[in-house]
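Read through the structure below, which is laid out as structure tokens, and then see the notes.
In our numbering, the protein residues as written are 85 to 304.
Here it is in structure tokens:
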């Protein structure tokens, strides 16, 4: 298994504590909530960064964690977090060019593994609906304690709704003072229609001020 770097973000003490709170709340959701999908309403809300940090936080409590980058619509240069040379990624697996073992990489974070997205395909939604995606998730549940899946914003494309039925729960990330109430409700309705439980919401990029406790995000 090849090794890649999982870049660490500079986080304040408060942010780290809030991520631990998010981790604890996920644990309280039950032992059966192990495959967790993370989506947002719009691009640029901080979804991918939060998903990567959540995966790292879970690995810190001696859990084997697999981070899957299932946002197949962004070029690698537009992403941060995973650094290294990837011969294969999720798209290669979904079209049958490699095995699941080929597209899983160990990282420099103990207990944390990753599946990069791979090349941008012309048909992301159709690829994610491929039976091979469900097979991959089922296989990984037998190997890892948690499988954390990063998907494209559901307020823009349907990819997250395609993947949700394969997952045990969904976390919706919303940027404070940016996403309208109506859009957030529309996205939540789409998720509910998949029959996959919504575990909660992360409120991101909250302006810090006097008396504010959650400067990074809140889970509830």
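All residues carry an ideal CB built from backbone N, CA and C; glycine is no exception.
All values reported here derive from a predicted model rather than from experimental measurement.
Could you pull out every residue in the same chain whose Cβ sits closer than 6 angstroms to the Cβ of residue 233, ignoring the five residues on either side in sequence? 121, 152 and 154
Exposed unless 16 or more other CB atoms sit within 10 angstroms - verdict on residue 258: Taking a 10 Å sphere around the C-beta of residue 258, we find 16 or more other C-beta atoms and assign the residue as buried.
Let me know if residue 279 comes out buried or exposed under the rule of 16 or more other beta-carbons within 10 Å of its beta-carbon. exposed
Between which two residues does the alpha helix (DSSP H) holding residue 313 run? Residue 313 falls outside the range modelled here, since the chain spans only 85 to 304, and no answer is possible.
Verify whether the separation of the beta carbon atoms of residue 231 and residue 150 is less than 9 angstroms. Contact: yes.
Taking only the alpha-carbon atoms, compute the straight-line gap between residue 250 and residue 123 and give it to the nearest angstrom. 14 angstroms
3-residue-minimum beta strand (DSSP E) runs that sit fully inside the region 152 to 198, ordered along the chain: List check, beta strand (DSSP E) in window: 189 to 191.
At least three beta-carbon pairs within less than 8 angstroms, the region 94 to 106 to the region 212 to 219: Counting Cβ pairs under 8 angstroms, fewer than three are found: no touch.
Applying the criterion that 16 or more other CB atoms from any shown protein chain within 10 Å of the CB defines a buried residue, is residue 87 buried or exposed? Burial call: exposed.
Since residue 156 and residue 134 should fall inside the 8 angstroms C-beta cutoff, what is the C-beta to C-beta distance between them, to a whole number of angstroms? In fact, because the Cβ distance is near 19 angstroms, the residues do not count as touching under 8 angstroms.
Since I believe residue 269 is in contact with residue 193 (beta carbons under 8 angstroms), could you give me their beta-carbon distance rounded to a whole number of angstroms? Not really, about 36 angstroms apart at Cβ, beyond 8 angstroms.
Contact defined as beta carbons within less than 8 angstroms: I believe residue 282 pairs with residue 276. What is the distance between those atoms, to the nearest angstrom? The pair is a contact, with the Cβ atoms about 7 angstroms apart (cut-off 8 angstroms).
Contact under 9 angstroms by Cβ, residue 89 with residue 195: For residue 89 and residue 195, no; Cβs fall outside 9 angstroms.
Inter-residue Cα distance where the pair is residue 265 and residue 125: 11 angstroms
Give the list of continuous alpha helix (DSSP H) stretches no shorter than 4 residues that lie fully inside the region 236 to 260. 243 to 247
Is the beta carbon of residue 285 closer than 9 angstroms to that of residue 256? yes
Endpoints, alpha helix (DSSP H) assigned at residue 270: Under the DSSP assignment, residue 270 falls in the alpha helix (DSSP H) whose first and last residues are 265 to 277.
Which class does residue 221 belong to by DSSP, given the choice of helix, strand or coil? helix
Using C-beta distances below 8 angstroms, list every residue in its chain close to residue 245, excluding the 5 sequence neighbours before and after it, in chain order. The residues 238, 274, 275, 277 and 278, in chain order, have a CB closer than 8 angstroms to that of residue 245 in the same chain once the five nearest residues on each side in sequence are set aside.
Which residues share a DSSP beta bridge with residue 284? 255
What residue range does the beta strand (DSSP E) around residue 89 cover? First-last of the beta strand (DSSP E) with residue 89: 87 to 90.
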